[in-house]
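Here's the structure, in structure tokens; my notes come after.
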Amino acid sequence: MASFLPYGRQLIEDDDIAAVTAALRSDFLTTGPAIDAFEQRLCEAVGAKYAVAVANGTAALHAACFAAGLGEGDEALVPAVTFLATANAVRYCGAEPRFVDVDPRCGLSRPAHFEAALTPRTRALLPVHLTGRPVELRAIRALARTRDLVVIEDAAHALGATYEGTPIGAGAHSDMTIFSFHPVKHVTTAEGGAITTNDATLAKKMRSFRSHGMVREAADLVNPKDGPWYYEQQDLGFNYRLTDVQAALGTSQLAKLGRFVERRRAIAARYDAGLAGARNVRPIGTGTPGAESAYHLYAVLFDFDAIGHTRAELVAALHARGVGTQVHYIPVPQQPYYAARGHRVSDFPGAQRYYAQTLSLPMYPALTDDDVDRVIAAVRALADAG
Ligand SMILES: *Cc1c(COP(=O)(O)O)cnc(C)c1O
């Protein structure tokens with residue numbers, strides 16, 4: 347019996363393990379030189395001036411929302427189809443997300459969806475590159491410019507993706523971009539995240555935020571420095587630091603980003619070809635013209651009615667054939683926490699339609715062509731039978 351294929355998983359190699367072992371033997375387990383090295387490598391990988399490494403992608407979103415100045419009475423626009431963290435980060439700052447509908451055919455929020463959701467309280471836009479496909483950044487940035495709004499890209503799915511030939515994270519059309527290094531993402535630090543930006547002031551704010559809001563440089567102090575030990579807390583920050591052990595793993599993994607993304611794209615092309623002409627199931631497409639997906643996920647849309655099975659039945663049948671799947675995502679305004687705050691999922695028909703049909707198939711660099719063919723055969727056997 348062939349092994350079970352999860353929907354996503356990390357790829358850790360011997361040199362990654364050696365890098366972690368070396369970090370463990372070094373003088374610093376946290377707040378040491380491995381952090382700077384990792385941030386430098388990330389800057390090089392995406393073409394940004396500054397990178398701030400933090401404990402996880404959610405902390406990265408929180409730091410970015412904080413640096414954007416979000417607070418009580420403000421709203422930030424968040425796609426209705428995303429992971430909870432995009433909306434929660436806005437709440438951590440005391441602001442409220444205003445959800446934005448998505449295109450039911452591809453799950454992405456388009457510029458018109460953002461435009462329709464603007465209110466006088468809007469302070470920031472948080473576009474999400476769902477599954478790794480960049481959204482229409484140029485138009486979203488232009489919209490933000492008309493009202494002086496901050497743009498924070500949630501690129502947790504999109505490390506290695508490009509938009510108009512430029513890597514996501516370069517900040518060509520945004521103020522800040524956040525990444526996650528969770529094991530299912532493109533490169534991993536076990537748990538970890540980062541923000542990239544070209545703005546020195548924002549970078550400084552986020553560096554301080556990840557360590558209790560502390561500052562030490564003489565030029566930044568409010569009161570006179572009374573000794574070399576002196577520091578000041580000027581904001582309410584958190585302990586959101588990444589460890590040197592994790593950063594060492596991240597640096598080792600980042601060196602493989604090109605190979606990992608190339609493999610993900612080859613897998614996607616094999617799925618596309620294998621599912622072409624299948625009945626009752628179709629890929630969500632490549633998304634925005636001029637953009638290249640990093641394929642964090644490979645999502646398809648099923649016509650469950652035509653197949654004559656519920657999604658739960660299909661998930662179980664695929665599981666029985668050794669194929670793991672996942673649903674990305676339950677529309678966030680549907681969550682009891684957000685419903686209780688007055689959000690209504692029925693206001694987002696595109697999100698509801700996308701959610702009703704979507705399923706993510708196995709996608710990670712260690713999948714072999716035979717694995718992919720096995721998934722295609724299992725999906726077609728079930729979908730074509732409808
Ligand atoms: C993974 C993810 C996050 C959060 O990242 P963590 O590292 O798990 O905190 C945020 N947004 C999206 C879209 C994600 O997929």
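Mind the numbering: the sequence shown is residues 347 to 732 in this note's numbering, read in order. We put the CB at the ideal spot given by N, CA and C, even for glycine. Note that the structure is a prediction, hence the values are computed from the model and not measured.
Residue i: CB within 8 Å of a non-hydrogen atom of ligand 1
i    : result
E537 : yes
F527 : yes
F337 : Within the shown structure, residues of the chain are numbered from 347 to 732, placing residue 337 beyond reach of any answer.
T589 : no
A738 : In the structure as shown, the chain starts at 347 and stops at 732, and residue 738 therefore has no counterpart that could be examined.
H532 : no
T597 : no
S626 : Checking the displayed sequence, the identity of residue 626 turns out to be Asn instead of Ser. No.
I524 : yes
H642 : yes
T432 : yes
A502 : yes
7 Å CB neighbourhood of residue i in its chain, flanking five on each side removed
i    : result
H689 : F445 and P679
L407 : A431, T432, A435, D500 and I524
R611 : Y641
T632 : R479 and S639
Which listed residue (the options) has its alpha carbon closest to that of residue i
i    : options                   : result
S455 : C439, L472 and T468       : L472
I676 : G696, Y701 and H655       : Y701
R491 : L370, A470 and D717       : A470
T376 : H519, A712 and A594       : A594
I613 : D717, N585 and H528       : D717
A663 : S639, L728 and T508       : L728
G506 : E359, K531 and A488       : K531
T535 : G440, R355, A422 and F429 : R355
E735 : E638, P695 and E659       : Limits of the chain in this structure are 347 at one end and 732 at the other, which puts residue 735 out of reach.
G573 : Q579, Q580 and A564       : A564
H674 : R625, V627, A619 and L705 : L705
Distance between beta carbons of residue j and residue i, contact taken as under 8 Å
i    : j    : result
L495 : T465 : Going by Cβ atoms, the distance from L495 to T465 rounds to 11 Å, so no, they are not a contact pair.
L707 : Y396 : Actually they are not in contact, since the Cβ atoms of L707 and Y396 sit about 36 Å apart, beyond 8 Å.
R387 : T597 : 5 Å
L777 : G559 : No answer is possible for residue 777: it lies beyond the span of the chain, which begins at 347 and ends at 732.
A518 : T512 : 5 Å
I541 : S520 : Actually they are not in contact, since the Cβ atoms of I541 and S520 sit about 11 Å apart, beyond 8 Å.
Neighbourhood of residue i by C-beta distance below 8 Å, restricted to the same chain and skipping five residues each side
i    : result
R687 : E442
L370 : V591
Beta-carbon contacts of residue i that lie in its chain and below 6 Å, excluding the five residues immediately before and after
i    : result
G636 : E510
A502 : G403 and S526
A413 : L548, K551 and M552
Q698 : none
R562 : Y577
Mind listing, in chain order, the continuous beta strand (DSSP E) runs of no fewer than 3 residues lying wholly within the region 480-557?
If we require 3 residues or more, the beta strand (DSSP E) runs fully inside the region 480-557 come out as 496-500, 522-526 and 539-543.
Entirely within the region 405-430 and at least 3 residues each: give me those beta strand (DSSP E) ranges in chain order.
The DSSP assignment places 421-425 as complete runs of the beta strand (DSSP E) inside the region 405-430, in order along the chain (cut-off: 3 residues).
Report the start-end ranges of each alpha helix (DSSP H) in the region 597-639 that is 4 residues or longer and not cut off at the edges.
Listed in chain order, the alpha helix (DSSP H) elements of length 4 or more contained wholly in the region 597-639 are 603-621.
Which runs of the beta strand (DSSP E) spanning at least 3 residues fall entirely within the region 630-713, listed in chain order?
You should have 644-648 and 704-707.
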